Every structure is written in C-alpha cells, then in structure tokens.
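Protein chains in written order, with the numbering used here: chain A, 19 to 521; chain B, 2 to 331; chain C, 9 to 291.
The next block holds one structure in the form of structure tokens; read it before the comments.
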Amino acid sequence: MSFLEYAPAPESTAILNLKDEYGLFIGGEFVEGSGTAFSTISPADERAIATVQTADASDVDRAVGAARQAYERVWSKMSGADRGKYLFRIARLVQERARELAVAESLDNGKPIKESRDVDVPLVAAWFFYYAGWADKLDYAGLGPNPQSLGVAGQVIPWNFPLLMLSWKIAPALAAGNTVVLKPAETTPLTALLFAEIVQQAGLPAGVVNIITGAGSTGEALVQHPDVNKVAFTGSTGVGHAIAKSVAGTGKKLTLELGGKAANIVFDDAPIDQAIEGIVNGIFFNQGHVCCAGSRLLVQESIHDDVIERLKSRLSTLRLGDPLDKNTDIGAINSAEQLERIRTLTEAGEAEGAERWTAPCELPSQGYWFAPTIFTGVSTSHRIAREEIFGPVLSVLTFRTPAEAIAKANNTPYGLSAGIWSDKGSRILAVADKLRAGVIWANTFNRFDPASPFGGYKESGYGREGGRHGLGAYLAPAGAPAAISEKKTRTRTTRTATKENRK
Amino acid sequence: MTDESALAPRTRALQLFDGLVTDTSLRRFLEGIPGVDAVGLEQRAAALGTRSIKTTSKAAAIDTIISMIDLTTLEGADTPGKVRSLVAKALVPDAGDAACPQPAAVCVYGDMVATAVDALGAAHGQISVAAVATAFPSGRASLRVKLADTADAVAAGADEIDMVIDRGAFLSGQYAQVFDEIVAVKRACRREDGTSAHLKVILETGELNTYDNVRRASWLAILAGADFIKTSTGKVSPAATLPVTLLMLEVVRDWFRLTGERIGVKPAGGIRTSKDAIKFLVTVAETCGEDWLTPELFRFGASSLLNDVLLQRQKLATGHYSGPDYVTID
Amino acid sequence: MSRLAVPKTYKLFIGGKFPRSESGRTFEILSAKGDFLANAAKASRKDARDAVKAARGAVSGWSGATAYNRGQVLYRIAELLEGRRGQFIDEIQRGENVSRAIAERQVDDAIDRWVWYAGWADKYTQVAGNANPVAGPFFNLSVPEPTGVVAMIAPQDSSLLGLVSVVAPALVTGNTVVVVASERFPLSAITLAEVLATSDVPGGVVNVLTGSPAEIAPWLASHADVNALDLAGAEDLDWVDLQISAADTLKRVLPPEGDAFPSLDRITAFTETKTVWHTKSML
Numbered sequence: 019m020s021f022l023e024y025a026p027a028p029e030s031t032a033i034l035n036l037k038d039e040y041g042l043f044i045g046g047e048f049v050e051g052s053g054t055a056f057s058t059i060s061p062a063d064e065r066a067i068a069t070v071q072t073a074d075a076s077d078v079d080r081a082v083g084a085a086r087q088a089y090e091r092v093w094s095k096m097s098g099a100d101r102g103k104y105l106f107r108i109a110r111l112v113q114e115r116a117r118e119l120a121v122a123e124s125l126d127n128g129k130p131i132k133e134s135r136d137v138d139v140p141l142v143a144a145w146f147f148y149y150a151g152w153a154d155k156l157d158y159a160g161l162g163p164n165p166q167s168l169g170v171a172g173q174v175i176p177w178n179f180p181l182l183m184l185s186w187k188i189a190p191a192l193a194a195g196n197t198v199v200l201k202p203a204e205t206t207p208l209t210a211l212l213f214a215e216i217v218q219q220a221g222l223p224a225g226v227v228n229i230i231t232g233a234g235s236t237g238e239a240l241v242q243h244p245d246v247n248k249v250a251f252t253g254s255t256g257v258g259h260a261i262a263k264s265v266a267g268t269g270k271k272l273t274l275e276l277g278g279k280a281a282n283i284v285f286d287d288a289p290i291d292q293a294i295e296g297i298v299n300g301i302f303f304n305q306g307h308v309c310c311a312g313s314r315l316l317v318q319e320s321i322h323d324d325v326i327e328r329l330k331s332r333l334s335t336l337r338l339g340d341p342l343d344k345n346t347d348i349g350a351i352n353s354a355e356q357l358e359r360i361r362t363l364t365e366a367g368e369a370e371g372a373e374r375w376t377a378p379c380e381l382p383s384q385g386y387w388f389a390p391t392i393f394t395g396v397s398t399s400h401r402i403a404r405e406e407i408f409g410p411v412l413s414v415l416t417f418r419t420p421a422e423a424i425a426k427a428n429n430t431p432y433g434l435s436a437g438i439w440s441d442k443g444s445r446i447l448a449v450a451d452k453l454r455a456g457v458i459w460a461n462t463f464n465r466f467d468p469a470s471p472f473g474g475y476k477e478s479g480y481g482r483e484g485g486r487h488g489l490g491a492y493l494a495p496a497g498a499p500a501a502i503s504e505k506k507t508r509t510r511t512t513r514t515a516t517k518e519n520r521k
Numbered sequence: 002m003t004d005e006s007a008l009a010p011r012t013r014a015l016q017l018f019d020g021l022v023t024d025t026s027l028r029r030f031l032e033g034i035p036g037v038d039a040v041g042l043e044q045r046a047a048a049l050g051t052r053s054i055k056t057t058s059k060a061a062a063i064d065t066i067i068s069m070i071d072l073t074t075l076e077g078a079d080t081p082g083k084v085r086s087l088v089a090k091a092l093v094p095d096a097g098d099a100a101c102p103q104p105a106a107v108c109v110y111g112d113m114v115a116t117a118v119d120a121l122g123a124a125h126g127q128i129s130v131a132a133v134a135t136a137f138p139s140g141r142a143s144l145r146v147k148l149a150d151t152a153d154a155v156a157a158g159a160d161e162i163d164m165v166i167d168r169g170a171f172l173s174g175q176y177a178q179v180f181d182e183i184v185a186v187k188r189a190c191r192r193e194d195g196t197s198a199h200l201k202v203i204l205e206t207g208e209l210n211t212y213d214n215v216r217r218a219s220w221l222a223i224l225a226g227a228d229f230i231k232t233s234t235g236k237v238s239p240a241a242t243l244p245v246t247l248l249m250l251e252v253v254r255d256w257f258r259l260t261g262e263r264i265g266v267k268p269a270g271g272i273r274t275s276k277d278a279i280k281f282l283v284t285v286a287e288t289c290g291e292d293w294l295t296p297e298l299f300r301f302g303a304s305s306l307l308n309d310v311l312l313q314r315q316k317l318a319t320g321h322y323s324g325p326d327y328v329t330i331d
Numbered sequence: 009m010s011r012l013a014v015p016k017t018y019k020l021f022i023g024g025k026f027p028r029s030e031s032g033r034t035f036e037i038l039s040a041k042g043d044f045l046a047n048a049a050k051a052s053r054k055d056a057r058d059a060v061k062a063a064r065g066a067v068s069g070w071s072g073a074t075a076y077n078r079g080q081v082l083y084r085i086a087e088l089l090e091g092r093r094g095q096f097i098d099e100i101q102r103g104e105n106v107s108r109a110i111a112e113r114q115v116d117d118a119i120d121r122w123v124w125y126a127g128w129a130d131k132y133t134q135v136a137g138n139a140n141p142v143a144g145p146f147f148n149l150s151v152p153e154p155t156g157v158v159a160m161i162a163p164q165d166s167s168l169l170g171l172v173s174v175v176a177p178a179l180v181t182g183n184t185v186v187v188v189a190s191e192r193f194p195l196s197a198i199t200l201a202e203v204l205a206t207s208d209v210p211g212g213v214v215n216v217l218t219g220s221p222a223e224i225a226p227w228l229a230s231h232a233d234v235n236a237l238d239l240a241g242a243e244d245l246d247w248v249d250l251q252i253s254a255a256d257t258l259k260r261v262l263p264p265e266g267d268a269f270p271s272l273d274r275i276t277a278f279t280e281t282k283t284v285w286h287t288k289s290m291l
C-alpha cells in the first residue's frame with residue numbers, strides 16, 4: 019500500500035446538531051419567511067443539508083424594522099463597554115463551538131475541513147475579539163472625538179468564506195454601534211444560521227443582528243431598502259457596480275469588496291521553495307474561490323521552466339476529495355453554476371492557445387469538482403489573464419524586468435492584492451510601492467488578520483475591512499450630516515442590484 | 002567503493018564550479034542557491050504536521066518508523082553493558098511481538114563499536130552499527146585525530162560513520178576546509194577490501210543557526226560526498242526540528258533532480274514521540290516522494306522514540322492504550 | 009491721459025499649456041454690472057479627454073515625488089499667489105461684484121489654504137496610516153496612497169477659494185486633477201493656472217477647464233481613466249446621474265459640498281489604503 023494514500027480521516031459530523039429547517043432570524047427569533055423555501059446542499063455530494071427560507075421584500079422590511087427598533091431603543095443607547103462585552107461573548111462562543119462551525123462550513127461550502135478549522139473559524143473568533151475591544155474606544159478610530167454610528171447596516175456576503183465574511187461585516191458594525199441585517203449567500207446560509215443561535219446564546223438584544231436568507235432578489239431588496247443607512251457588500255464586481263448605482267445619491271455609506279485578478283510576482287532571486295508554496299497557497303487555497311487569489315503568476319523568464327516543473331510536482335501531491343477529510347487539500351467547487359463558469363473560462367484558455375496542465379487526481383463522481391490546473395504561455399490579452407476565474411486555475415505569464423512585472427501586474431481594472439517573491443528587500447519595497455493593489459504580500463500570500471486592513475483599488479471596490487480603517491466604514495464624524503438628508507436623497511430608484519454573488 | 006568513486010564528489014564539484022574548489026568558488030556557488038524564507042518554511046512544515054494519519058496508514062507508518070531508527074546511546078557514561086542492552090533492544094524491540102520490525106542500526110561512540118558488533122553477532126548486517134566519529138560532538142580536533150577516529154571505528158566493524166562538520170570553519174566562511182575534511186573522512190571510511198562505510202555528515206543545524214546556512218551546508222556536504230546528511234549530534238538544542246528536516250529534504254530532492262543520485266537524510270535528537278515521527282514521514286513522502294521512505298534514505302537518530310512507537314503499535318494491535326511497563330527499557 | 013489697457017486672453021490649462029478649446033468655442037464673461045470682462049474658452053468633451061490624458065501622464069511623477077517636495081511645491085503656490093494678491097483681488101471684485109474686503113478675504117483664505125494643505129503633504133501618511141499588530145511573524149504596514157486622476161466640479165459660488173479648496177487637498181497626496189471651474193466665475197481659475205504654470209507644479213498635475221459643467225461633467229464621470237470624482241460644485245447638476253455613471257468603473261465619489269472646508273477627510277477621500285505584509289525572521 020502506498021503511504022501517500024493516507025487512510026480516510028474524516029472529521030465526525032456527530033458534533034453537528036442541525037435542524038431540518040431554518041427560519042429567518044429576525045428580532046431575535048427564527049420566523050417563517052414569505053418567499054419560497056429552498057434547500058442548501060453539500061457541493062461535495064449534492065445532498066440536501068437543510069431547508070432554508072427565502073426572505074421577500076416584506077421580510078426584508080420586517081428585518082430592517084427590527085434592526086431599526088433595536089438601534090433606536092437599545093443598541094445606540096448602550097455604552098460602548100457593554101457593546102464590547104457582547105462582542106467578547108460572541109468571540110468566546112465561536113471558540114467554544116469552533117469545531118461544530120468548521121464542520122458545518124465544510125459541509126455547506128465544500129472547503130477542506132483543515133481550512134475551515136485552521137483558518138476560517140479561528141479568524142472569525144479573532145475578528146469579534148478584535149472589534150470587541152474597539153467598542154468603547156471609538157474616539158481613537160481616527161474620526162475625531164465622539165464619532166457617530168450610522169444606523170442600520172444592510173450587509174450582503176459571498177459564499178467563499180461564509181462565516182468569516184459574516185464576522186468581517188458584523189463585528190465592526192456592532193462595535194461602532196450599528197445594528198445589522200445580513201444576508202448570507204444563497205448556497206452557503208448554514209453557518210450564518212448557526213451564528214444566529216450564537217447570537218441567542220450571547221443574549222444579544224433582539225434585533226441587533228438579523229439574518230435573512232434568500233437569493234439575489236433578497237439582497238437587492240436589502241441594499242435598496244430606504245431605511246438602511248449603510249451598505250456593505252462583498253461579492254462580484256458586476257453586482258458591486260449595480261449596488262454602487264442603486265446606492266448613488268441616497269447618502270447611504272457604501273463599502274464594496276469585489277473581485278480581483280492578483281499578480282503573484284516571482285523574481286529570479288526568490289526563496290524558491292517558499293515561493294512555490296506561496297503560489298500554491300495563492301491560487302489553490304479554498305479551491306481558488308478567493309477574491310484576492312494570486313490567479314496570475316508573473317514569473318521572471320529566467321526561472322520560468324524551473325518554477326513550472328517544481329509547481330507541477332508540488333501540485334501532484336495535492337489531495338482532492340471529501341472536504342471533511344482532514345487530509346484534503348482541495349475540496350469541492352461550491353456550486354454547479356460556478357463549476358460551469360470555471361469550465362467555460364478554462365476552455366477559452368485552451369481555445370486562445372494557452373497550454374493546459376491538470377494535476378493528476380481522480381474526481382469524485384458525485385458533487386462539483388475541478389482538478390488544480392495551470393495554464394502556461396498565457397498572454398495578457400487572454401481571457402484567463404483578464405477575467406476572474408474564481409477557481410483552482412493558475413495563469414502563468416512571464417516578465418524580464420521589474421518594470422515589466424509592475425506594468426503587467428497593474429494592467430487590469432482590478433486592484434485587490436498582489437504578491438512579490440524576492441530576497442532583495444529594496445526591490446520588494448519599491449515594487450510594493452508601484453503596485454496598484456490594496457494588499458501586498460511579500461514572500462507570503464493569502465494572510466488575513468483582523469488588525470490588518472483589507473480592500474481594493476480601482477474596480478476591486480472601495481473602503482477597507484479590518485483594522486482601524488474597517489471601523490471607520492461604520493462611523494461618521496461627530497456632527498456629520500444625518501446619513502440620509504432630504505437634500506441629497508435621490509428621487510430615482512430604477513437601478514437594480516442583481517443577484518448576490520461572491521467575494 | 003573504488004578509489005575513483007571516492008574522488009567522484011570532488012570531480013562533480015569541479016564540474017559544477019567550472020574551476021577549483023576554493024572558499025571563493027564554493028561561496029559563489031552556495032550563495033547562488035535560492036534563499037530560504039524562514040516563515041514560509043516553518044509554515045509549510047507546520048502544514049505538513051497537520052496531516053492526519055489513521056488506521057492502516059498509521060500501522061504502516063509505525064513499522065516504517067521502527068525500521069528507520071538508529072537506536073542510539075551517546076553518553077559519557079556508556080559502558081559495554083549499556084551497549085549490549087541497547088543491542089538486545091534492537092534485536093527484540095517488543096518482547097511480546099516477534100513480528101515487530103527491527104531498527105536499522107545501533108548508533109554508538111567509536112570505542113563501543115566492537116562491543117556492538119559482538120553483541121549483534123549473526124544479526125550484524127540486518128542491523129547495522131553506526132559510529133559517531135571525528136571528535137564528536139564538537140569536532141574540535143586536528144584532522145589527523147578525526148581521521149584516526151574514523152579509521153578506528155571502521156576497522157572495529159562500523160558500517161556507518163556519523164561525522165560532524167567543523168561548524169567553526171563553516172561559520173567563518175572556510176567552506177573549502179569543511180569540504181576537504183569531508184572528502185578526507187570519506188576516504189578514511191574505506192575498508193581494506195575496497196568497500197566503504199556509509200558516511201553521514203552531521204551539520205549540527207542548531208549551531209549553524211540560520212536556514213540559509215543549513216541549506217548551504219547541506220549542499221556542501223553532498224558535494225563533498227556525503228551519503229547522508231544529518232541534522233544534529235543531539236547535544237545541541239534545537240536539534241532535529243521539522244522545518245530544518247524539510248529544508249534538508251528539499252536539498253536532497255533538488256540534488257536528485259540535478260544528478261539522479263539519492264542522498265539520505267537523518268534527523269537526530271528531539272524526536273521522542275510516534276506522533277512527531279509520523280510528521281517526519283509525511284514530510285519525506287510529500288517532499289521527496291515515497292522512494293525516500295526506506296532506511297537506505299531516511300533515518301531517525303533517537304533513543305526514547307522506539308518505546309513510544311511501540312506503545313502506539315500495541316495500541317493499534319490490541320485496541321486499547323498500553324503503558325510504559327509493557328515495553329522494555331534498553 | 010489714461011493708458012489703453014492690454015486685456016488678457018483666457019484659455020484652458022491642459023498639460024501645463026494654455027490651449028484654446030479644440031472646439032473653438034468661447035463664452036462671454038460679464039461682470040455683475042454687465043460689463044464685458046472676457047471671452048472664456050468653452051471646453052468640449054475632447055478638451056476633457058485631453059485633460060484626463062495629461063493628468064494621467066503626470067500621476068507617476070507627482071505621486072512619485074517625495075512628500076517633502078510636494079509640500080514645498082504647494083507652499084510655493086501660496087508664495088506666488090501672495091505676490092499676485094492684488095491682481096486676484098481686483099479680478100474677484102470685478103467678476104463676483106463683491107466688496108474689496110470680501111475679495112481680499114477670499115484671496116487671503118485661498119493663500120492660507122494652500123499653506124495649510126502644503127503642510128499636510130509629509131504628515132497625512134502618519135495620521136492615516138497604521139502599523140498593524142497581526143498575529144504572526146509579519147511586518148504589516150498600512151499606508152494611504154493617491155487614488156490617481158481626480159475629476160472635479162469646483163464649487164460654483166466662488167471663483168478662487170472654491171477651486172483651491174478642492175484642488176489642494178487632492179494634490180497633497182499625489183493625485184492629479186482635472187477641474188471644471190465655476191461656470192459663472194471662471195476667470196480667476198485661469199489666472200490661478202498662470203500661477204501654477206510659473207510655479208514648480210509639473211505640467212499636467214492640475215488641468216483647468218472652463219465652460220459648462222453640465223456639458224463636461226458627464227464625460228468626466230464616465231471616463232474609464234478617471235479614478236475619482238469630486239462633485240463639490242455639482243449641487244445644481246444632475247449629480248446623482250453623474251454618480252451612477254461613475255459607478256461603471258467604481259470611481260470614488262465625493263457628493264456636492266459647496267463649502268469644501270479644509271479637512272483631513274478631503275485629503276484622505278482620494279487615497280487608497282495599501283497594506284503590505286512581509287515575513288519577519290532572523291533564521
């Protein structure tokens with residue numbers, strides 16, 4: 019028997035105590051939704067996990083109403099110290115129920131348990147812990163003394179890091195004194211609903227956090243709701259555009275975390291083994307369902323062949339399969355729809371003349387799967403070099419000089435993240451200066467921390483999440499005009515934000 | 002090994018350097034190898050350490066680990082009695098299970114080689130005798146003494162020589178001296194019949210301190226003709242960490258890509274539990290491939306590891322946890 | 009015997025040069041009393057396009073200058089403005105039909121605003137940036153950087169102060185600007201451009217268009233090579249449509265704010281926070 023065929027090591031699902039059906043979480047209780055209920059399925063085997071509700075416009079109205087009431091009667095009047103204590107409670111509850119949340123996340127999303135267990139859920143707890151401490155220190159958030167909360171925040175999050183994105187949204191919003199209505203992605207509502215239970219366990223006043231499930235139209239109703247003061251969206255650039263339009267002129271404060279097409283730049287003096295790991299982590303972490311994924315590898319021509327050879331042999335050790343197996347490196351693609359998109363773009367890559375290599379691994383017959391894939395010989399005009407694939411697909415381009423690397427890296431309407439691999443400090447800093455991207459990882463990739471601001475340049479969105487900057491997105495300086503003033507309220511409401519998507 | 006093959010490493014190096022083996026040419030070569038980012042290396046090692054090895058894989062891993070152990074005693078207080086006891090443990094690791102595999106070797110000081118060979122008797126061959134040499138562990142002696150130390154152990158029947166490099170020379174940039182010394186010791190490993198004891202070169206990574214140094218020293222040792230590169234003497238902390246072993250495995254993997262020659266790696270010191278040892282197996286398999294999962298290419302230098310592995314082995318066999326009174330102390 | 013004056017031809021300011029509108033159009037500027045003051049150039053969409061191109065070309069040099077240097081360049085503008093104080097006062101007094109005292113105050117405020125913003129150039133990074141204590145062996149620093157090319161509709165109610173109030177904060181960080189001057193009071197904007205042209209501000213860093221904001225603004229709002237839009241003086245335009253148009257490429261947008269009071273917010277509004285991680289280890 020081959021040692022490398024590690025025996026199955028599945029994480030037990032016994033820890034999960036799921037209900038068959040989940041309602042909408044409005045005003046502190048689970049309630050029936052008015053739309054058509056739907057099943058959330060496990061992308062690894064297409065089996066239904068639970069039935070969840072669709073919130074229609076009336077439900078959205080109810081949820082925003084509950085949030086408004088909680089804001090006015092309780093949350094905006096509560097001391098920052100007490101708000102912080104609630105957030106600390108939530109952080110602890112997340113830690114206590116960490117394994118359960120990780121299993122639920124992997125089940126619903128398809129991501130490997132080692133990622134949900136070692137990355138997502140620990141970061142969720144860290145996010146609440148970090149912002150909990152801010153709640154009574156808002157005078158130091160950089161907006162001058164006594165900054166004001168905004169009111170009700172409408173938040174729409176993607177399916178790639180369901181619970182983590184929830185924490186990025188809810189923790190700073192609550193710390194700053196806002197109440198929230200959050201809509202998780204249609205395909206990954208499960209952990210948000212478990213989080214609603216945590217909210218109950220924490221004894222959070224009813225209506226401070228409301229979770230409504232549904233598809234794009236639910237999100238659209240939420241961001242367009244006139245009584246929402248702040249909109250935060252993480253997802254595709256297309257939907258981001260639509261939301262920016264629908265929010266224009268309303269005075270709603272808006273933050274957008276959208277797509278990316280990050281360049282991961284490898285210079286010839288890079289620490290090569292760590293660079294290979296960084297490339298792998300950059301694009302194959304979470305099946306490449308990462309807005310900041312290093313999807314364009316820019317490698318110096320002189321080491322191109324060596325890098326590709328090392329990369330291929332490293333990719334051959336990746337283990338694709340059951341997301342709940344502790345040894346799985348590559349889990350399932352989140353949905354049939356996303357799988358189709360990845361296929362379409364990779365076919366375009368081949369048709370446009372790039373050379374395709376796919377890691378030798380067997381794909382399960384059930385569920386949605388895509389083997390790690392590399393395209394070499396990619397040029398900047400290829401679709402796979404320009405469009406966000408949002409899957410385990412790496413496009414390799416080459417460069418000859420630092421200036422060329424920078425020019426190619428910046429040659430995109432996106433600007434979320436970038437990577438630099440080199441042993442030369444002065445070059446790293448200079449290149450980092452020139453890259454038009456919000457997060458630059460030098461000799462590392464895909465690192466996240468609640469203390470570290472995250473967000474994009476250009477069409478990757480605006481505003482920052484994380485750190486002091488992330489707090490500012492949920493505050494206004496003292497004496498700022500009310501979020502919605504008569505004078506600035508737009509009269510036209512014809513714009514539409516379409517379906518929710520992804521980060 | 003023939004005379005020509007003993008010279009092969011130097012030839013190889015000369016070819017690589019396109020010139021003379023000097024401090025300068027070695028420096029140029031060693032410093033031209035890509036650097037190591039410590040954070041990334043340690044994160045990769047930590048990730049490999051999270052592999053979950055269960056049931057049949059674990060059983061296979063445990064037997065593999067036992068077969069890779071250089072069962073070691075390297076104390077100032079070692080006596081023939083202690084060495085015979087060690088050999089007895091190597092011959093019968095688990096008194097309750099005759100099917101238990103035997104370790105690869107016993108590892109002793111040079112003056113104990115004869116005792117070990119004698120105690121092994123007919124089993125000498127299926128279990129090797131490894132001797133530490135070259136003024137182990139410090140290596141602070143003249144070359145003449147180091148070579149005599151080596152030759153003595155070989156003459157007494159040692160199958161493998163674990164030499165230490167001159168860390169002082171390495172850290173002061175005298176790469177050629179380190180290189181020449183390894184070449185000389187390799188020559189001293191030759192037996193009268195023309196065969197040669199296997200040479201393991203101990204880098205003492207805890208004293209080299211940086212990963213860049215470990216990587217350079219690994220290349221240097223291999224170029225000079227090491228059959229194995231070994232992390233540590235066990236007398237300096239930190240000894241065999243997972244990141245340092247991963248790094249050395251990456252070097253032997255790259256050497257194999259370059260030359261087609263397989264070099265062994267031996268982490269020694271500090272690996273005490275079955276759980277830790279399995280992480281090393283995973284690291285070997287995922288870095289160099291399963292070809293390396295053999296005692297010819299991977300060893301554990303350890304003393305207390307064996308009994309912990311045996312406890313795990315008993316647990317797998319019986320289904321319940323065992324205790325220290327159910328394994329023999331050596 | 010009074011001397012016959014030599015009137016000035018007011019043109020656009022693009023890429024450090026003073027071209028007429030490519031369209032050949034001008035519009036008549038009268039004083040409040042109805043006297044003819046000048047024929048100002050009426051910029052077209054092509055002039056806006058040229059201005060954006062000039063602004064884009066200037067981004068790298070201006071944003072790449074040291075903060076200390078940008079501060080000095082901005083301070084130099086104040087120095088030059090001070091030297092031409094009388095000229096601006098006269099021009100404002102005639103153009104806006106205000107008392108000499110009010111015109112004086114406007115010019116003095118404009119000068120002082122340059123000085124105030126000049127001082128921010130090498131400080132705003134320290135105030136808006138952060139060292140971030142992440143949980144791991146990483147150096148992690150967040151710094152604000154200029155957004156790029158900012159298109160602006162200058163406040164419409166003043167000829168000089170409004171323009172300075174929107175242009176200066178954007179320049180502090182290294183942005184370049186295309187500004188549409190007050191439609192009614194465009195002359196001081198062009199006179200300011202003459203100051204800029206003779207100061208140390210590199211060509212293309214500030215581009216001034218005169219004409220109809222209603223006509224030009226949609227072209228700027230929809231231009232894909234514009235990174236941000238300051239609608240300070242767009243109160244009377246259909247600015248929501250401009251904002252919607254700007255959303256096509258997710259431009260950063262500041263809503264109408266006639267006063268554009270000096271603030272750090274105005275500086276940071278057109279910056280992007282960049283966070284750089286680097287591994288940290290001695291080994």
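Using N, Cα and C, we set each Cβ at its ideal position, and we do this for glycine too.
Nothing here was measured: the structure is a model prediction, and the numbers come from that model.
Does residue i come out as helix, strand or coil in the three-state DSSP assignment?
i	result
ASP71 (chain B)	strand
ALA281 (chain A)	strand
GLY302 (chain B)	strand
ILE67 (chain A)	strand
ALA500 (chain A)	With a pLDDT of 48 at ALA500 (chain A), under the threshold of 50, the modelled position of that residue is not reliable, and the figure given next carries that caveat. If DSSP states are grouped into helix, strand and coil, ALA500 (chain A) belongs with coil.
When you compare each of the options to residue i by their alpha carbons, which one comes out closest?
i	options	result
ASN304 (chain A)	A:LEU453, A:ILE216, A:ALA469, A:ARG337	A:ARG337
PRO102 (chain B)	B:SER197, B:LEU204, B:ILE70	B:ILE70
GLN9 (chain A)	A:LEU111, A:THR416, A:ALA25	Only positions 19 to 521 of chain A appear in this structure, which leaves residue 9 (chain A) out of reach.
PRO163 (chain C)	C:ASN138, C:ASP208, C:GLY241	C:GLY241
ASP100 (chain A)	A:GLU483, A:ALA153, A:LEU363	A:ALA153
Can you give me the Cβ contacts of residue i inside the same chain, cut-off strictly under 7 Å, excluding the 5 residues immediately before and after it?
i	result
SER94 (chain A)	SER167, GLY195
GLY225 (chain A)	GLY45, GLY46, ALA84, ALA85, GLN87, ALA88, THR197
PRO378 (chain A)	SER334
ASN105 (chain C)	SER39, ALA40, LYS41
Under the rule that 16 or more other beta-carbon atoms within 10 Å means buried, what is residue i, buried or exposed?
i	result
GLN173 (chain A)	buried
ASP14 (chain C)	Strictly speaking, residue 14 (chain C) in this sequence is Val, with Asp absent from that position. The residue is exposed, with fewer than 16 neighbouring Cβ atoms inside 10 Å.
PRO141 (chain C)	exposed
GLN114 (chain C)	buried
ASN215 (chain C)	buried
VAL135 (chain C)	exposed
For the alpha helix (DSSP H) containing residue i, list its first residue and its last residue.
i	result
GLN384 (chain A)	GLN384 (chain A) -> no alpha helix (DSSP H), and no H or E assigned at all.
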